[in-house]
Amino acid sequence: MNKKGSFYKFKMIINFLIWINSFLPKKINKFFLIIFRNTPTVIGVLIRYVLLKNICKKLGDNVVVYQHVVFDAPEMMEIGNEVSIHPFCYLAGAITIGNYVSIAHTTAFHSHNHTWGNKELPIKMNPVIVKRIVIQNDVWIACNCVILSGVEIGTRSVVGAGSIVTKSFEKNSIIVGNPAKILKAL
Ligand SMILES: CC(C)(COP(=O)(O)OP(=O)(O)OC[C@H]1O[C@@H](n2cnc3c(N)ncnc32)[C@H](O)[C@@H]1OP(=O)(O)O)[C@@H](O)C(=O)NCCC(=O)NCCS
Numbered sequence: 732m733n734k735k736g737s738f739y740k741f742k743m744i745i746n747f748l749i750w751i752n753s754f755l756p757k758k759i760n761k762f763f764l765i766i767f768r769n770t771p772t773v774i775g776v777l778i779r780y781v782l783l784k785n786i787c788k789k790l791g792d793n794v795v796v797y798q799h800v801v802f803d804a805p806e807m808m809e810i811g812n813e814v815s816i817h818p819f820c821y822l823a824g825a826i827t828i829g830n831y832v833s834i835a836h837t838t839a840f841h842s843h844n845h846t847w848g849n850k851e852l853p854i855k856m857n858p859v860i861v862k863r864i865v866i867q868n869d870v871w872i873a874c875n876c877v878i879l880s881g882v883e884i885g886t887r888s889v890v891g892a893g894s895i896v897t898k899s900f901e902k903n904s905i906i907v908g909n910p911a912k913i914l915k916a917l
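Number 917 marks the last residue of the sequence shown (the numbering used here); no jumps.
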């Protein structure tokens, strides 16, 4: 795929900013990610990219994070190339996102669940179980979806608006609904 656009044009400068920023501890970068969460325009996109590059386990090229996106535990995240995360998304914990993935606004990823086995303790004090969410390459997740713990969505799939994805799906599927089910193959 042809790599065009501002990111590749200015990649050397972006890499220089990443290098300078890498001298700051992760904790400070995470704090700045909150401070710059709502910064508009391409400036905000650039700042968030540089910060995330030094926080995430992996961050590819041209990852565009729009305003008001909340990252909870971004240090557990792996994100590929050419990914866009649109306004008001919420991403919590262990998440792997492949290449060419678009996540529309107000979509939430929750890789953890509370447990309730110990009746002596309130549910919120019981252990939390984390299962990684995996979004393979070339997936469009439409607006207002919820992707739950342990789910894997196969390559070249579409998740329709408002879907609650509770289990994994094979590649080439359009899935919709609550709970999400296959509408048709792509
Ligand atoms: C899934 C989607 C891509 C449409 O796919 P499509 O192949 O054109 O589907 P159709 O419109 O032909 O609908 C087929 C059936 O699925 C249902 N359906 C479509 N989208 C649905 C959704 N998100 N949730 C539940 N059902 C849905 C339709 O009601 C229809 O049901 P019916 O056969 O009982 O009448 C689209 O509906 C969608 O969700 N788009 C997301 C838009 C969005 O979030 N944009 C954000 C900007 S990136």
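We treat Cβ as the ideally placed atom computed from N, Cα and C, and that holds for glycine.
What you are looking at is a predicted structure, and each value in this text was computed from that prediction instead of being measured.
Through-space distance from residue 755 to residue 779, alpha-carbon basis: Their backbone Cα atoms lie some 14 Å apart in a straight line.
Within 9 Å, strictly: CB atoms of residue 864 and residue 883: Taking 9 Å as the cut-off, the beta carbon of residue 864 is found closer than this to the beta carbon of residue 883.
In DSSP terms, what residue 873 is bridged to: Answer by DSSP bridge pairing: none, since residue 873 is not bridged.
Beta-carbon spacing of residue 839, residue 877 below 9 Å: For residue 839 and residue 877, yes; Cβs fall inside 9 Å.
Host alpha helix (DSSP H) of residue 763 (start-end): Counting along the chain, the alpha helix (DSSP H) containing residue 763 begins and ends at 757-766.
heavy atom of ligand 1 below 8 Å from residue 847 C-beta: Flag unset: Cβ of residue 847 not near ligand 1.
CB contact flag (residue 761, residue 813, <9 Å): Going by C-beta atoms, residue 761 is not nearer than 9 Å to residue 813.
Residue interval of the alpha helix (DSSP H) (run including residue 752): From DSSP, the alpha helix (DSSP H) with residue 752 extends over 742-752.
Assigned exposure category for residue 856 - 16 Cβ within 10 Å defines buried: By the 10 Å Cβ count, residue 856 comes out exposed.
Spatial neighbours of residue 899 in its chain, beta-carbon cut-off 6 Å, leaving aside the 5 residues before and after: So the list reads 882 and 883, once near-sequence residues are dropped.
Per DSSP, the bridge partner or partners of residue 738: Beta-bridge pairing links residue 738 to no other residue.
Three-way DSSP call (helix, strand, coil) for residue 850 in this model: Three-state result, residue 850: coil.
Close Cβ partners of residue 771 (< 7 Å) along its chain, the five nearest in sequence each way excluded: Result list for residue 771: 798, in chain order.
Contact test: residue 875 Cβ vs ligand 1 heavy atom, cutoff 8 Å: True, at least one ligand heavy atom lies under 8 Å from that Cβ.
For residue 829 and residue 912, the rounded distance between their alpha carbons: Taking the CA atoms as reference points, residue 912 sits about 22 Å from residue 829.
Whole-angstrom distance between residue 850 and residue 748, CA atom to CA atom: One C-alpha to the other measures close to 50 Å.
Given residue 822 as reference, the closest of 835, 809, 803 and 894 once Cα atoms are compared: The residue with the shortest Cα to Cα distance from residue 822 is 803.
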